[in-house]
Every structure is written in C-alpha cells, then in structure tokens.
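**Student:** In my numbering, the protein residues as written are 232 to 388. Virtual Cβ for every residue (Gly too), placed ideally from N, Cα, C.
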Amino acid sequence: MRTYDDTFSGQRIYPGKGKLYVRGDSKIFRFQNGKSESLFLQRKNPRRIAWTVLYRRQHRKGISEEVAKKRTRRTVKSQRAIVGASLDVIKERRSMRPEARSAARLAAIKESKEKKAAEQAAKKADKAKRAAGQPQGRIVGKQAAKGAPVKVAAKSR
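1) Below 7 Å, is the gap between the Cβ of K322 and the nearest heavy atom of the ligand FAD?
2) Between the alpha carbons of K377 and P329, how many angstroms are there, rounded?
3) DSSP has V253 in a bridge; who is on the other side?
4) Apply the 10 Å Cβ neighbour rule to T303 and answer buried if 16 or more other Cβ atoms are within range, or exposed otherwise.
5) For K275, which residues from the same chain have a beta carbon less than 7 Å from its beta carbon, with the 5 sequence-adjacent residues on both sides left out?
6) Can you find the residues in the same chain that come closer than 6 Å, C-beta to C-beta, to T238, ignoring five residues on each side of it along the sequence?
7) Between which two residues does the alpha helix (DSSP H) harbouring M329 extend?
8) Going by C-alpha distance, which of S267, Y245, P246 and R243 is nearest Y252?
9) Starting from S326, trace the alpha helix (DSSP H) in both directions and tell me its first and last residue.
10) So Y286 is in the alpha helix (DSSP H); what residue range does that whole segment cover?
Structure (structure tokens):
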C-alpha cells in the first residue's frame with residue numbers, strides 16, 4: 232500500500248485520504264486534512280506549529296528511548312614491536328640521552344661513508360682493469376654497436 236507524506240505536517244497520508252493541491256507552477260502538495268491545508272495556504276511555518284513532525288524533530292520531542300548519553304571512548308596509547316625491533320629495544324632507544332643518540336648517528340654516518348668510498352674505489356679499479364684489457368679504438372655509435380649497416384657517403388659525379 233502506497234502512502235504519502237503531508238507536505239505541511241509531515242504525517243502519513245493513507246490511500247483514499249487527504250487532498251492534492253497543484254500550484255500554478257505545477258508543483259504538487261499533498262495534505263492530510265483541511266487544517267494542514269489551511270495553515271499552508273496562510274503561509275505558516277510548520278517549524279513553528281507545535282504538532283507538526285518538523286517542530287517535534289527540531290525540538291527533540293518524543294525521543295525517550297535515546298535518553299542515555301552515548302559513551303565516549305577514550306583512546307589508550309599502546310606500543311607494539313615493529314618488524315625490525317622488539318618492544319624493549321624501542322624503549323631503550325627512546326630513553327637514550329641526546330648526546331649518546333647524536334654520537335651513534337655520527338658513527339653510523341661515518342661507517343656508511345667509508346662503505347660508500349670502498350665501493351667507489353672497487354668500481355674505479357674494475358673500470359680501469361676493463362679499460363686496460365680492451366684496445367683503444369674509435370667511438371662506435373649505438374646503432375653500429377647493435378649491428379646496423381654503415382651509412383655510405385654520397386658520391387658526387
């Protein structure tokens with residue numbers, strides 16, 4: 232069974248009841264009874280009329296079930312171990328003194344620089360070794376290296 236809502240009061244209109252009012256601009260309004268139709272035509276605001284659904288909703292009437300306030304959840308801070316480090320290692324790092332932390336950082340930086348320098352030296356030695364093994368020839372283009380036919384210079388007659 233299809234029911235409609237009263238345009239003014241917001242109450243339900245059952246089949247065979249109510250009136251349909253069509254304004255000049257072809258907008259349709261449905262009214263449950265003459266009372267709501269009359270108030271609508273007087274241009275009364277349904278939010279100010281105490282028995283309408285709009286008024287009751289605005290002034291929070293008839294919501295006795297939801298009297299109990301919703302409890303707010305307090306967030307509890309917790310820590311978990313990360314893949315690389317266990318919880319006690321993390322706590323130890325956090326409780327480190329700033330001087331010790333900066334010293335550890337400097338040591339780590341120094342170590343990484345030394346490692347990088349060693350890699351560079353190894354790369355340089357490898358490059359020199361390779362260069363010594365090959366005879367020094369003329370520079371070959373990318374296409375020629377792939378085996379493309381050599382361009383023949385144009386001859387003039």
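**Tutor:** The structure says:
1) Of ligands this structure carries none, so the ligand FAD is not represented either.
2) Start at 1 with the first residue of the sequence shown, and residue 377 comes out as number 146. Start at 1 with the first residue of the sequence shown, and residue 329 comes out as number 98. Straight-line spacing of the CA atoms in K377 and P329 works out to 58 Å.
3) As a position in the sequence shown, residue 253 is number 22, starting the count at 1. Among the bridge pairs identified by DSSP, V253 is matched with I259.
4) Counted from its first residue, the sequence shown places residue 303 at position 72. Burial call: exposed.
5) Indexing the sequence shown from 1 puts residue 275 at position 44. Excluding residues within five positions, none has a Cβ falling inside 7 Å.
6) Counting from 1 along the sequence shown, the entry for residue 238 is found at position 7. For T238, where only same-chain residues beyond five positions count, the Cβ hits under 6 Å are F260 and R261.
7) Position 98 of the sequence shown, counted from the start, is the residue given in the question as residue 329. One point to set straight first is that residue 329 is Pro, not Met, in the sequence displayed. It spans P329 to G364 - the alpha helix (DSSP H) in which P329 sits, taken as one unbroken run.
8) On the sequence shown, position 21 is the one that residue 252 refers to. Ranking S267, Y245, P246 and R243 by Cα distance to Y252 puts S267 first.
9) Translated into positions along the sequence shown, residue 326 becomes position 95. Segment: none, S326 is in no alpha helix (DSSP H) and carries neither H nor E.
10) Residue 286 sits at position 55 when you count from the first residue of the sequence shown. That run of the alpha helix (DSSP H) goes V284 to Q289.
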